[in-house]
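Residue numbers (the UniProt record's numbering): 16 to 837. For glycine and all other residues, C-beta sits at the position ideal for the given N, C-alpha and C.
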Ligand code: 26Q
């Protein structure tokens, strides 16, 4: 019998870690310790950590398989992971020994941490939510696999040239990544295009057969996800597209060597780049191919595990696998599972459909009509002919069954419920299919879920009320407090013990400290420390000198009209005028800080960026303003920059038009770090206000119901323009040549306010916003009051921990037990 040595424990002592790192420098990287580059040290450190984590990953996987519990499979086109080393160090408890080991070798851990490129495989909230969920799933000991695409290029890197956004490719992967491991033995083959014929099974029953297809290979890369103080290490499995060798060989043999390589290059474009829109980019074939590619690879992987792991009938599939759809982007998984069960496993329609509905659940992240995914039937049929057939049959059974039973002969009801939109061209409605093909649909904040039921899916809600649930979003307090604000994390632990790290509701224990002057001093000193650090970053990247004693007013999120960065801009221009008109006014110095990327094709969003940068240029260099007002737009906003801005923020701008922001998650991160919110009653702001109390937040603006009424009455922005002199002067100034020397530069922005109907009601909310900002100014002038409010924010936002969110999913949707890994 072969002799394999017992697995060795690598050990977590400083000495053991030192020798691991040195071994990787020598034997993995082939370098000398004296001459290794900073990057070599970073890679070697990551690998030393990875070695220790991989064993737990294997143990977790084995345990999950043996115990035979249900697993959650999270399907998402985006994962905004940011940097991994610091998170992995803190979660695994290796931070102190690794820091010590490096320092004994003359290396500074902090410098290494900052040199890691961001893993930016997402656009914004939805992608970052997926990353927070992966962290919480491991922390909560839930058996989980995240599936996604191994994009060669993540979200573009942003630069400003003369105040305008310029996009550059994000080559996060150019030198590989020490965190990912290829799994060639789990490679999958995926079909696309082609046509559908019939075949007969051994019993003579007909089945559809998908033939003459093109094939792609999917190579999985695994990234270990370390939980905090848990031994569960789940994996994030990302698929890379490759050409099908067989397919190529045929062309090779026909002598078209160059042609074959062209095919290969085309195949590989499928996982090349993340689409940089955070609202649907309609109709792009490559996007549909991306969606199907990763869904088909992931489902084949899940089905393989079910077939190899157990010998159970298919009806037991849902007892082993739950699948969560992160928005409709992976919704083609529903017809794909149907196809596997019908065409490959020979199940009958009824059994297959039941399995589907028990397996899937769907999270909706948007109410914006233009962001609801629809695919033209023609395109769908060309790329996925068999899936279109299946969708038609799902639709027919639905309309002729439950819909006809509920509303007999009602053609209007059938039109709104149909999976096919026929109001002008034929389109597949992916959201309808997702509600229908699963057992649960959830919104991401209480208000959002209510609107989902009342406005987006009223008929579905009438038919299947039990299917709709609210699960309010959350964020991981490890990254958004422990990692980005270790000073505050320590102060909290010193004050109330470390129980809050596993049960964030315990943060309420800090409530009493809000009245403790000594505690407030320390809390304020920590905030000031982060403001000094951020001031340095602002100096380096914007060339603007800001005072850490000013109020840091922060709006960081994707650039979108509904998020209303341009409402913020209207207020700043108004303040600028006030300061010029009344230089002696008692106004506390303020720094307006922006971070935002605009989708490359979103013209007005780019105009808003240009306007803010041009305003900044004027304000920051106007001697009449001095230090009273500074405006900075930090380039290339992303996870790592957020980790620097959030702990330093005093004020958090959450000013979307009521009813438009599904939840928001930046609002939670900022409140947790003691920034007070100025916000509308939108998304999770509503619940944040309930938790922190009305005295500790600045709420303004029209409510959802008022917005609806105003629009129904006929909203006319000109009325606000003519009735408000300050507003009129502000808009006229923006439309003038003052900021760039060219009056036409911001005509698109000016016209959106006046000529194009101000679709997001900036003018209607303007005065209430300006008044709320005046209250902020007054409160900030009372530092003890302000700090007390900030402390109460930290103390009262425990509800917004993604651990709570994930436990809600586990209880209400997935029915998953925790499985502790010993
Ligand atoms: C779809 C098709 C084609 C190209 C791009 C897209 C696409 C990509 C990303 C559509 C939407 C997104 C991202 C949406 C998003 O981030 N939504 C945000 O989700 C957060 C987490 O739930 C919420 O907090 C935010 O309110 C919501 O805007």
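Check	Outcome
Considering residue 477, what are the terminal residues of the alpha helix (DSSP H) in which it resides?	473-478
I need the boundaries of the beta strand (DSSP E) containing residue 221, first residue and last residue.	221-226
Considering only C-alpha positions, which residue in the set 151, 369, 295 and 630 is nearest to residue 331?	369
Going by DSSP, name the residue or residues bridged to residue 381.	DSSP, once it has assigned bridges, lists no residue as partnering residue 381.
For residue 653, collect the residues of the same chain with a Cβ closer than 6 Å to its Cβ; drop the 5 residues on either side in sequence, then sort them by chain order.	133 and 135
Where in the region 487-543 do unbroken runs of the alpha helix (DSSP H), each at least 4 residues long, occur, reported from the N-terminal end onward?	501-511
Should residue 459 be listed as close to the ligand 26Q, given that the test is whether its C-beta is under 8 Å from any heavy atom?	yes
Measuring from the CB of residue 816, is there a heavy atom of the ligand 26Q at a distance below 8 Å?	no
Cβ of residue 222 within 8 Å of any heavy atom in the ligand 26Q?	no
Using only CA atoms, which one of 685, 314, 583 and 294 lies nearest to residue 388?	294
Considering residue 159, what are the terminal residues of the beta strand (DSSP E) in which it resides?	159-164
Using alpha carbons as the reference points, say which of 131, 239, 86 and 390 lies closest to residue 190.	131
Output the distance between the C-alpha atoms of residue 168 and residue 280, rounded to the nearest integer angstrom.	15 Å
Give a yes or no on whether the C-beta atoms belonging to residue 351 and residue 307 are separated by under 9 Å.	yes
Would you please state the rounded distance, in angstroms, between the beta carbons of residue 376 and residue 828? I believe it to be under 8 Å.	5 Å
Could you name the residues that DSSP lists as bridge partners for residue 628?	Partner(s): none; residue 628 has no beta bridge.
Residue 90 lies in the beta strand (DSSP E); which residues open and close that run?	86-90
Within 8 Å: the Cβ of residue 380 and any heavy atom of the ligand 26Q?	yes
From this set, 162, 677 and 97, which residue's C-alpha is nearest residue 384's C-alpha?	677
Using 10 angstroms around the beta-carbon of residue 818, count the other beta-carbons present and answer buried if the total reaches 16, otherwise exposed.	buried
Checking contacts by CB at 9 Å: is residue 489 closer than that to chain B?	This model lacks chain B altogether, as it is built from one protein chain only.
Nearest CA to the CA of residue 160: which residue from 88, 347 and 299?	88
DSSP three-state call for residue 134: helix, strand or coil?	strand
Grouping DSSP H, G and I as helix and E and B as strand, with all else coil, what is residue 672?	coil
Taking contact to mean 3 or more Cβ pairs, one atom from each stretch, closer than 8 Å, check whether the region 562-581 and the region 660-676 are in contact.	yes
Measure the beta-carbon distance from residue 505 to residue 442 and round it to whole angstroms, keeping in mind my assumption that it falls under 8 Å.	The pair is not a contact, with the Cβ atoms about 54 Å apart (cut-off 8 Å).
Enumerate, from N- to C-terminal direction, the unbroken alpha helix (DSSP H) stretches of 4 or more residues contained entirely within the region 259-329.	260-268, 272-283 and 300-324
Whose C-beta lies closer than 6 Å to the C-beta of residue 730 among residues of the same chain, with five residues either side of it excluded?	none
With distances taken Cα to Cα, identify the nearest neighbour of residue 70 among 86, 240 and 115.	240
Express the C-alpha separation of residue 807 and residue 348 in angstroms, rounding to a whole number.	44 Å
With DSSP as the reference, please indicate the residues paired to residue 713 in a beta bridge.	693
Within this structure, are the beta carbons of residue 617 and residue 574 separated by less than 9 Å?	yes
Pull up the distance between the alpha-carbon of residue 271 and that of residue 277, whole angstroms please.	10 Å
Roughly how many whole angstroms lie between the Cα atoms of residue 767 and residue 296?	21 Å
Alpha carbon to alpha carbon, what distance is there between residue 313 and residue 251?	11 Å
How would you write the range of the alpha helix (DSSP H) that residue 560 sits in, first residue to last?	First-last for residue 560: undefined, no H or E at that position.
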